[in-house]
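As given, the protein sequences belong to chains Z and E, one line each in that order.
Number 337 in my numbering belongs to position 193 of the first sequence; there are no gaps in the numbering.
Number 470 in my numbering belongs to position 326 of the second sequence; there are no gaps in the numbering.
Number of protein chains: 2
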Amino acid sequence: MSENSKLMIALDAMGGDHGPSVVVPGAIAGMTAESPYGITLYGDEKAVGDELAKLDTHGLTISVVHCTQDIEMGESPASAIRNKKDSPIVRAMLDHKQGLVQAVVSAGSTGAMVAGSLIILGRLPGVERPAIGTLIPTIKGDLLLLDAGANIQCTAEYLLSFARMGDVFAREILKVDNPTIGQLNIGEEPKKGTDLNVETYQLLQGSELNFIGNIEGNQIMLGPCDVIVTDGFTGNNTLKLVEGIAHFLYALAKKPGLGDEERAAIKPVLGLLMREFSYEVYGGAMLLGVAGNSIIAHGRSSSLAITNAVKMAWREIESDLPTKLAAAHSE
Amino acid sequence: MSENSKLMIALDAMGGDHGPSVVVPGAIAGMTAESPYGITLYGDEKAVGDELAKLDTHGLTISVVHCTQDIEMGESPASAIRNKKDSPIVRAMLDHKQGLVQAVVSAGSTGAMVAGSLIILGRLPGVERPAIGTLIPTIKGDLLLLDAGANIQCTAEYLLSFARMGDVFAREILKVDNPTIGQLNIGEEPKKGTDLNVETYQLLQGSELNFIGNIEGNQIMLGPCDVIVTDGFTGNNTLKLVEGIAHFLYALAKKPGLGDEERAAIKPVLGLLMREFSYEVYGGAMLLGVAGNSIIAHGRSSSLAITNAVKMAWREIESDLPTKLAAAHSE
Numbered sequence: 145m146s147e148n149s150k151l152m153i154a155l156d157a158m159g160g161d162h163g164p165s166v167v168v169p170g171a172i173a174g175m176t177a178e179s180p181y182g183i184t185l186y187g188d189e190k191a192v193g194d195e196l197a198k199l200d201t202h203g204l205t206i207s208v209v210h211c212t213q214d215i216e217m218g219e220s221p222a223s224a225i226r227n228k229k230d231s232p233i234v235r236a237m238l239d240h241k242q243g244l245v246q247a248v249v250s251a252g253s254t255g256a257m258v259a260g261s262l263i264i265l266g267r268l269p270g271v272e273r274p275a276i277g278t279l280i281p282t283i284k285g286d287l288l289l290l291d292a293g294a295n296i297q298c299t300a301e302y303l304l305s306f307a308r309m310g311d312v313f314a315r316e317i318l319k320v321d322n323p324t325i326g327q328l329n330i331g332e333e334p335k336k337g338t339d340l341n342v343e344t345y346q347l348l349q350g351s352e353l354n355f356i357g358n359i360e361g362n363q364i365m366l367g368p369c370d371v372i373v374t375d376g377f378t379g380n381n382t383l384k385l386v387e388g389i390a391h392f393l394y395a396l397a398k399k400p401g402l403g404d405e406e407r408a409a410i411k412p413v414l415g416l417l418m419r420e421f422s423y424e425v426y427g428g429a430m431l432l433g434v435a436g437n438s439i440i441a442h443g444r445s446s447s448l449a450i451t452n453a454v455k456m457a458w459r460e461i462e463s464d465l466p467t468k469l470a471a472a473h474s475e
Numbered sequence: 145m146s147e148n149s150k151l152m153i154a155l156d157a158m159g160g161d162h163g164p165s166v167v168v169p170g171a172i173a174g175m176t177a178e179s180p181y182g183i184t185l186y187g188d189e190k191a192v193g194d195e196l197a198k199l200d201t202h203g204l205t206i207s208v209v210h211c212t213q214d215i216e217m218g219e220s221p222a223s224a225i226r227n228k229k230d231s232p233i234v235r236a237m238l239d240h241k242q243g244l245v246q247a248v249v250s251a252g253s254t255g256a257m258v259a260g261s262l263i264i265l266g267r268l269p270g271v272e273r274p275a276i277g278t279l280i281p282t283i284k285g286d287l288l289l290l291d292a293g294a295n296i297q298c299t300a301e302y303l304l305s306f307a308r309m310g311d312v313f314a315r316e317i318l319k320v321d322n323p324t325i326g327q328l329n330i331g332e333e334p335k336k337g338t339d340l341n342v343e344t345y346q347l348l349q350g351s352e353l354n355f356i357g358n359i360e361g362n363q364i365m366l367g368p369c370d371v372i373v374t375d376g377f378t379g380n381n382t383l384k385l386v387e388g389i390a391h392f393l394y395a396l397a398k399k400p401g402l403g404d405e406e407r408a409a410i411k412p413v414l415g416l417l418m419r420e421f422s423y424e425v426y427g428g429a430m431l432l433g434v435a436g437n438s439i440i441a442h443g444r445s446s447s448l449a450i451t452n453a454v455k456m457a458w459r460e461i462e463s464d465l466p467t468k469l470a471a472a473h474s475e
């Protein structure tokens, strides 16, 4: 296989709180000359080149696409996508659309990644609303939560579609047979929650999916199912609360008035949470339902998180995920 | 002051997972002959009497009201209140309405307590929707979250009213000057979240309250404000996620593959969480906006939780909370 025939993963080198200094080493870290994929770095070629010069890139398939613009975190996503044609996200999405790269990874603005994916890649046939899927670490392993924030207001039909996408993701990426699907709700009974919850329960119950019922928030981290569906507001709030556990323990360790044993104990527990349950280990959120592979790394991403987001992109490419997501909507 | 002139707190002796064996000792635990209040226990007089006989009740003001019925956890709340006239909740609420007792505490069905309070006590003048307030333990102290589940669907006007009630509660019960009020949301900016969030932000911003803006879920346990308002679905889900932290750590301690240091560390951290951050320390949720003092203890309440729920009832009585909540709606 010649170097140029490798499948390529696009990286927004300017994304995230730390830009090229974190994204470039993170992107390279998992690669060898034998990697089945190469990396295309989109960003300021001087800044990207300076970071590459610090690293051993011998034998790796790396290219750089110079971009003169960048999308800031506070910008209106849709207008940024329409106006900043020479930003990494827009250039990478256009190249993905043309087949020059097979996935796009960015730790930049989530809104810009969602807008860029929707406007440039478009939706998969049969998918009315793409959703952000995110892996939540649980005692029993990974749980896919969706929607984690792309759709603030939802219908029961959207949630059924999210469940179908979650089912495919769990089979193809998490390698789970017959994934269990739950609905996040404030009670277990079918009539609990909002009108949306009640209607969604009925749709899921009547579907071909392995629906196990409503799941309450205090159960999530115990690993009650493989996929949990909810609207984007509730999903985003839930994700933030789960992420907040580590912030809380970190602050707790500094609180006056603790016993010595208690204070000493918090550090290893935090270490454990960071090692097994941190978003860094997961590296990204997946925008599911667009015509391509679009991975959003956490804005505060470390190099490890970027490395893991690239691995996720590769798993999506390898399993031809978009084709399978579309198939789940054509039955 | 003669014994009979004492203010009385009504206890649903049959409520909660453990009934009289937990409620009766919990109710008595905080009392002395000098307590400014007495306790009226509603329930099966034999079962209640058996528990009282095990305790030293010398000099305490205790009475028992025999009830032949009880409301089960799964029952439809409104029909239970209408049909079970001789249940502890109905009897206690009727006595509260007549002024024979000054507060009602139950660890029974939340729905029955809400329905009983609404149907029998009624709403305070100016309050369209009563809300469940609950104290969330944070690094900086207590934070009042409301609504924790009474109103699944809300309007911005309801949330403004919840904020006004939270402001009064924080002043009167938590003894905070000029309490800070936040809105739970998935981003800090005024335009973030649902239409409800955007409209509520505007109402709170234009109000007389000390509104500090939107608060994200990962900040809650760091103590970002004194009062946080949200709809009852989001509030209930949030509360369950916060409660889930302890469940998660408990399960984590049993997970295979942990290092010895990590496993050993979890136990004291759990002990710390149970001591300072457990719902037992808080004892109850307060139904705010009804014409009376209605305190809902956690269904899994221990005696300690009941004792603390009784203390909360007394603080509400002492500060004449309902009158002050009504005043906040008449300006």
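Every residue gets a Cβ at the ideal spot worked out from N, C-alpha and C, and that includes glycine.
Any C-beta of chain Z under 7 angstroms from that of residue i
| i | result |
| --- | --- |
| K399(E) | yes |
| T338(E) | yes |
| I280(E) | no |
| E387(E) | yes |
| A255(E) | It should be pointed out that residue 255(E) corresponds to Gly in this sequence rather than to Ala. So, not an interface residue. |
| K241(E) | no |
| N380(E) | yes |
| M365(E) | yes |
| F377(E) | yes |
| P274(E) | no |
| E147(E) | Because E147(E) sits at a pLDDT of 47, beneath the cut-off of 50, its placement in the model cannot be relied upon, and the following sentence gives the value as read from the coordinates. Not one chain Z Cβ lies under 7 angstroms of E147(E). |
Residue i, DSSP secondary structure in three states
| i | result |
| --- | --- |
| G187(E) | strand |
| D464(Z) | coil |
| L244(E) | coil |
| S250(Z) | strand |
| G285(Z) | strand |
| T278(E) | strand |
| N329(Z) | coil |
| V320(E) | coil |
| G260(E) | helix |
| H210(E) | strand |
| E147(Z) | Residue confidence is low: E147(Z) scores 47 on pLDDT, short of 50, so the model does not pin down where it sits. Its coordinate-derived value is still stated next. Note: E147(Z) maps to helix in three-state DSSP. |
| V371(E) | strand |
Reference residue i, options the options, closest by Cα
| i | options | result |
| --- | --- | --- |
| Y302(E) | L347(E), I280(E) and S261(E) | L347(E) |
| K468(Z) | V209(Z), N322(Z) and V312(Z) | V312(Z) |
| A390(E) | L366(Z), N380(Z) and D404(Z) | L366(Z) |
| F355(E) | L155(E), V208(E), P334(E) and G403(E) | P334(E) |
| S149(E) | Y181(E), V168(E), A157(E) and A173(E) | Y181(E) |
| Y186(Z) | S179(Z), P232(Z) and K284(Z) | P232(Z) |
| P368(Z) | A395(E), V371(E) and N380(E) | A395(E) |
| P400(E) | G401(Z), A300(Z), H202(Z) and E420(Z) | E420(Z) |
| S438(E) | T278(E), I359(E) and A173(E) | T278(E) |
| E462(Z) | E316(Z), T338(Z), L383(Z) and Q213(Z) | E316(Z) |
| D230(Z) | H210(Z), G243(Z) and A247(Z) | H210(Z) |
| M217(E) | M158(E), F306(E), L304(E) and M237(E) | M158(E) |
Residue i versus residue j: straight-line alpha-carbon distance, rounded
| i | j | result |
| --- | --- | --- |
| E352(Z) | I325(Z) | 11 angstroms |
| L414(E) | R407(Z) | 12 angstroms |
| E332(E) | P466(Z) | 33 angstroms |
| V245(Z) | T184(Z) | 8 angstroms |
| H162(Z) | D188(Z) | 14 angstroms |
| A471(Z) | R308(Z) | 10 angstroms |
| L402(Z) | E387(E) | 21 angstroms |
Beta carbon of residue i nearer than 7 angstroms to that of residue j
| i | j | result |
| --- | --- | --- |
| T344(E) | Q363(E) | no |
| I153(Z) | V454(Z) | yes |
| L290(Z) | G310(Z) | yes |
| S474(Z) | G160(Z) | no |
| L441(Z) | G266(Z) | Reading off the sequence shown, one finds Ala at residue 441(Z), where the question assumed Leu. Result no, Cβ atoms of A441(Z) and G266(Z) do not sit closer than 7 angstroms. |
| A224(E) | A256(E) | yes |
| G379(Z) | A292(Z) | yes |
| G433(Z) | L204(Z) | no |
| V371(Z) | A314(Z) | yes |
Closer than 7 angstroms to chain E by CB, residue i
| i | result |
| --- | --- |
| G361(Z) | yes |
| H391(Z) | yes |
| P412(Z) | yes |
| K491(Z) | Past the boundaries of the shown model lies residue 491(Z); chain Z is included only from 145 to 475, so the question cannot be answered. |
| I330(Z) | yes |
Cross-chain neighbours of residue i in chain A, by beta carbon under 7 angstroms
| i | result |
| --- | --- |
| L396(E) | This model lacks chain A altogether; the protein chains it does include are Z and E. |
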